[in-house]
Amino acid sequence: MDFVVDSDDSGFINISIGPDSNSIVQNAFLNGVEIMEMMGKSNLVP
């Protein structure tokens with residue numbers, strides 16, 4: 001599952017995980033996190 005989020009005014013993002021509230025098995029895991037900064041328009045041509 002992918003998410004795109006904005007940071008708050010501090011520039012920090014808080015990441016947390018947990019099981020679905022409707023799940024019978026109450027466990028969760030985080031396999032990895034990829035954080036990228038979205039850039040505005042650029043005049044650079046590859």
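Read in order, the letters of the sequence shown correspond to residues 1 to 46 in full-length UniProt numbering.
Where is the CB? At the ideal position from N, CA and C, for every residue including glycine.
- Ranked by how close their Cα comes to the Cα of I13, the residues M39, G40 and V33 have V33 in first place.
- Just so you know, the alpha carbons of G18 and V5 end up roughly 18 Å apart.
- Looking at the backbone, the Cα of N27 and that of S16 are separated by about 13 Å.
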